[in-house]
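Have a look at the structure below, then the notes.
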Amino acid sequence: MNSVLVIILILAIANCANLPSYFSQCSKTDANLNDCLLANTKTAWPTMVNGDSVYHIQPMNPLRVPFIHVDIDGNLQGNLSNTVIDGMQDVDFQEIKLDLAKNRLDLTFLIPRLTFIGDYEVDGRLLLVPIKGSGPANITFINMLTNYFLEYDIKEKRTKQYIHVKNSAMKYTVTRVYSYFSGYETLGIDFNKVLDENWEAVNEEVGANVGNAIGEIFTQILQSFFKKVSLNELFSD
Numbered sequence: 050m051n052s053v054l055v056i057i058l059i060l061a062i063a064n065c066a067n068l069p070s071y072f073s074q075c076s077k078t079d080a081n082l083n084d085c086l087l088a089n090t091k092t093a094w095p096t097m098v099n100g101d102s103v104y105h106i107q108p109m110n111p112l113r114v115p116f117i118h119v120d121i122d123g124n125l126q127g128n129l130s131n132t133v134i135d136g137m138q139d140v141d142f143q144e145i146k147l148d149l150a151k152n153r154l155d156l157t158f159l160i161p162r163l164t165f166i167g168d169y170e171v172d173g174r175l176l177l178v179p180i181k182g183s184g185p186a187n188i189t190f191i192n193m194l195t196n197y198f199l200e201y202d203i204k205e206k207r208t209k210q211y212i213h214v215k216n217s218a219m220k221y222t223v224t225r226v227y228s229y230f231s232g233y234e235t236l237g238i239d240f241n242k243v244l245d246e247n248w249e250a251v252n253e254e255v256g257a258n259v260g261n262a263i264g265e266i267f268t269q270i271l272q273s274f275f276k277k278v279s280l281n282e283l284f285s286d
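Numbering (this note's numbering), first residue to last: 50 to 286.
Shown next as structure tokens:
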């Protein structure tokens with residue numbers, strides 16, 4: 050076979066949008082479209098969470114994030130590096146709403162236990178307490194109920210339509226946060242005790258940063274998926 054033809058065929062296959070075997074088609078005209086998407090997502094997630102190189106989805110069991118930056122209204126600057134996030138494998142999708150007219154997707158899901166383990170550096174004030182230090186950190190969120198949404202544009206490519214994420218955001222509530230930061234023993238206070246006794250106030254202050262970090266993970270997953278899977282493949286009509 051002509052080498053040029055082989056290259057063309059390889060490129061065509063590589064760029065072909067195919068629905069993965071673990072995800073079934075839904076009908077856009079189905080009155081129960083959202084239920085269909087929810088059922089498909091629940092079925093697909095145990096496979097997706099282990100990663101899929103074809104769709105550029107990185108493994109999430111656990112998820113490794115090189116760098117997370119925290120900025121609380123300029124009062125506190127912090128970094129969490131070499132972070133391992135555990136708990137994504139247990140995500141329980143509870144509701145999906147796709148508005149095809151408004152180009153908007155809403156997800157509601159529960160993560161029973163989400164743990165961040167990494168190396169932190171922090172400088173500033175939290176709960177009016179001056180803090181500066183570095184070392185190992187462990188932060189665990191219990192029963193994280195999450196509301197995530199994205200708005201998208203439709204891009205045409207080779208006669209097919211693809212979702213392109215325009216913007217997204219995430220908010221959450223939790224029933225408890227446990228945290229431990231090593232390296233504060235010399236401050237003369239038990240800072241970890243302060244964090245534990247005031248976990249709700251701490252969560253309120255850092256919530257936007259945590260929400261952005263987790264929301265970005267889901268945005269990357271969805272954008273990677275939609276780059277490969279067109280609306281023509283996602284829906285049967």
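Every residue, glycine too, gets a C-beta built ideally from N, C-alpha and C.
Item, Value
"Test item: CB-CB of Y197 and N152 under 7 Å", "no"
"Which residues DSSP lists as bridging C75, in chain order", "F284"
"Neighbour-count burial assignment, F275, 16 or more Cβ in a 10 Å radius", "buried"
"Residues that DSSP places opposite S183 in a beta bridge", "E170"
"Any non-hydrogen atom of the ligand PLP within 6 Å of F198 CB", "Absence of the ligand PLP from the depicted structure is noted, as is the absence of any ligand whatsoever, leaving it without description."
"DSSP state of A88 mapped onto helix, strand, coil", "helix"
"Sequence ranges, alpha helix (DSSP H) only - wholly within the segment 183-247, length at least 4", "240-246"
"Closest Cα partner of N252 within the set N110, L129, S273 and T189", "T189"
"The segment 180-195 contacting the segment 207-222, beta-carbon criterion three pairs below 8 Å", "yes"
"Reduced DSSP category for P108 - H, G, I as helix; E, B as strand; rest coil", "coil"
"Sequence-distant residues of its chain with Cβ nearer than 6 Å to K204 (five each side left out)", "Y211 and H213"
"At least 3 beta-carbon pairs within less than 8 Å: the segment 170-185 vs the segment 125-136", "yes"
"Alpha-carbon spacing of D139 relative to A88, whole angstroms", "16 Å"
"Alpha-carbon spacing of L149 relative to N216, whole angstroms", "16 Å"
"Test item: CB-CB of N281 and K206 under 7 Å", "no"
"Buried/exposed call for A186, threshold 16 Cβ in 10 Å", "buried"
"Alpha-carbon to alpha-carbon, K91 and E144", "10 Å"
"Host beta strand (DSSP E) of G127 (start-end)", "L125 to D135"
"Given 8 Å, three or more beta-carbon pairs between the segment 109-120 and the segment 256-269", "yes"
"Check whether N110 and G167 have beta carbons under 7 Å apart", "no"
"For L149, the residue or residues it bridges with in DSSP", "Note: L149 sits in no beta bridge, so no partner."
"Neighbour-count burial assignment, V171, 16 or more Cβ in a 10 Å radius", "buried"
"Sequence-distant residues of the same chain with beta carbon closer than 8 Å to A250, five excluded per side", "L176"
"Span separating the alpha-carbon of K277 from that of N67", "7 Å"
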